[in-house]
Amino acid sequence: MQKEAFGKLLVILRKKNGLSQKELAERLSVSTSAVSKWENGKNLPDMMMLSSIADILQVSCDELHNPEKTLEKLDNPEFQKRNVEERDKENTDNTGENEKTEPEPQKKNYGRIARMSFLIGILAIAAGMFLIYMAGHRKPAFQQIGTRYIDDPLWGRVYEIAYVVDGEMTNDSINVHLDEVRATLNQEVIDTNIVKTTYYDNKEDATAWKETDVGGYVFLSGE
């Protein structure tokens, strides 16, 4: 079922991005036949190719990894309505405002307001850059709580590790941690080449293996 759902999602996303099977195949350096088999639910792409497919189709790896949930979201009328409203808002913002002739005193007031707004904007940008800098330089601590084997619907037998994270997590800090996990695990010891890391805010949730979307996958080999 996962193969069929992935194939259906791939067709929708490919067409949404205006790509033919041949164009998608060329960008992924695979044959058109391979893309056709993915879309027909006969095969799944190589796990190492998932990130490239996500980048080309402008979605996340999690959305590709959970095709059934992503299809449900795409079929949701509220989701489609929200997308239309966002596009309409963007079009409205891009049209610009018609210029109006104002009395001289009002123009002077608008000039002062514009200067104040500019200064406030500069201060807000500076504050935002400072916060980003501080967040990026605070290294989180990862405490391993438990491990288990799961039957992943897309990747099969997977070794899962639960961590409690102390500190702010960013994409960079998660990627660094995934590299550390890859360096410390041995494929022959854990008897699988796929590892899933799951991150929690507290030990109780980690011990109970509560469902969470925060995590990542580590592939110990390219096989």
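Be aware that the sequence shown starts at 2, since it is given in our numbering, and climbs by one per residue. The beta-carbon is built from N, C-alpha and C at its ideal position, and this holds for glycine as well.
Inter-residue spacing [alpha-carbon to alpha-carbon] between leucine 65 and isoleucine 57: To locate residue 65, count along the sequence shown from 1; it is residue 64. To locate residue 57, count along the sequence shown from 1; it is residue 56. In a straight line, the C-alpha of leucine 65 is about 12 Å away from that of isoleucine 57.
For glycine 147 and aspartate 202, what's the separation of their Cα atoms in angstroms? In the sequence shown, residue 147 corresponds to position 146, counting from 1. In the sequence shown, residue 202 corresponds to position 201, counting from 1. Straight-line Cα distance between these residues: approximately 14 Å.
Hey, quick one: how far does the alpha helix (DSSP H) through alanine 207 stretch, first residue to last? In the sequence shown, residue 207 corresponds to position 206, counting from 1. Its alpha helix (DSSP H) spans residues 204-208.
In chain order, each alpha helix (DSSP H) run of at least 4 residues that lies wholly inside the region 118-200: 172-185 and 188-191
Would you give the residue range spanned by the beta strand (DSSP E) that valine 219 belongs to? For this step, residue 219 is matched to residue 218 along the sequence shown. Note, valine 219: beta strand (DSSP E), 216-220.
Give me the Cα-Cα distance between glutamate 205 and tyrosine 164, rounded to the nearest whole angstrom. As a position in the sequence shown, residue 205 is number 204, starting the count at 1. As a position in the sequence shown, residue 164 is number 163, starting the count at 1. In a straight line, the C-alpha of glutamate 205 is about 11 Å away from that of tyrosine 164.
For glycine 129, is the classification buried or exposed, using 16 other Cβ atoms within 10 angstroms of its Cβ as the cut-off for buried? Position 128 of the sequence shown, counting from 1, holds the residue named residue 129. Exposed, because fewer than 16 other Cβ atoms sit within 10 Å of the Cβ of glycine 129.
If you reduce the DSSP assignment to three classes, tell me which class glutamine 22 lands in. Counted from its first residue, the sequence shown places residue 22 at position 21. Helix.
Assuming glutamate 161 and lysine 197 form a contact by the criterion Cβ under 8 Å, report the distance between their Cβ atoms to the nearest whole angstrom. On the sequence shown, residue 161 is found 160 positions in, with the first residue counted as 1. On the sequence shown, residue 197 is found 196 positions in, with the first residue counted as 1. The pair is a contact, with the Cβ atoms about 4 Å apart (cut-off 8 Å).
Assuming proline 68 is part of the alpha helix (DSSP H), what are its boundary residues? Locating residue 68 in the sequence shown gives position 67, counting from the first residue. From DSSP, the alpha helix (DSSP H) with proline 68 extends over 68-76.
C-alpha gap between alanine 184 and glycine 122, whole angstroms: To locate residue 184, count along the sequence shown from 1; it is residue 183. To locate residue 122, count along the sequence shown from 1; it is residue 121. The alpha-carbon of alanine 184 is positioned some 44 Å away from that of glycine 122.
On the criterion of 16 or more Cβ atoms from any shown chain inside 10 Å, does leucine 14 qualify as buried, or is it exposed? Taking the sequence shown and counting its residues from 1, one reaches residue 14 at position 13. Buried, since its Cβ has 16 or more Cβ neighbours within 10 Å.
Put leucine 65 into one of helix, strand or coil per three-state DSSP. In the sequence shown, counting from the first residue as 1, residue 65 sits at position 64. Three-state result, leucine 65: helix.
Using 8 Å for Cβ pairs, my map puts valine 166 next to tyrosine 218. What's the rounded Cβ distance? The residue you call residue 166 lines up with position 165 of the sequence shown. The residue you call residue 218 lines up with position 217 of the sequence shown. Here valine 166 is actually not in contact with tyrosine 218; their C-beta atoms are around 17 Å apart, not less than 8 Å.
Alpha carbon to alpha carbon, how far is leucine 132 from leucine 51? Give it in angstroms, no decimals. Position 50 of the sequence shown, counting from 1, holds the residue named residue 51. Position 131 of the sequence shown, counting from 1, holds the residue named residue 132. Taking the straight line joining both Cα atoms gives about 32 Å.
Confirm, please, whether the CB-CB distance from glutamate 40 to glycine 8 is below 7 Å. For the purposes of this step, residue 8 is taken as residue 7 along the sequence shown, with counting starting at 1. For the purposes of this step, residue 40 is taken as residue 39 along the sequence shown, with counting starting at 1. Contact flag set, yes.
Excluding five sequence neighbours on each side, which residues of the same chain lie with their C-beta closer than 7 Å to the C-beta of cysteine 62? Counted from its first residue, the sequence shown places residue 62 at position 61. So the list reads Leu51, Ser52 and Ala55, once near-sequence residues are dropped.
Could you spell out where the alpha helix (DSSP H) holding lysine 16 opens and where it closes? Position 15 of the sequence shown, counted from the start, is the residue given in the question as residue 16. Residues 3-17.
Kindly indicate which residue of Ser21, Lys4, Val12 and Ile126 has the alpha-carbon position closest to the one of lysine 43. In the sequence shown, the residue the question calls residue 43 occupies position 42. Looking at the Cα atoms, Lys4 is the closest of the given residues.
Find out if the Cβ-Cβ distance for the pair isoleucine 195, tryptophan 156 is shorter than 7 Å. Start at 1 with the first residue of the sequence shown, and residue 195 comes out as number 194. Start at 1 with the first residue of the sequence shown, and residue 156 comes out as number 155. For isoleucine 195 and tryptophan 156, yes; Cβs fall inside 7 Å.
Classification of asparagine 176 by the beta-carbon crowding that lies within 10 angstroms, buried from 16 upward: In the sequence shown, residue 176 corresponds to position 175, counting from 1. Burial call: exposed.
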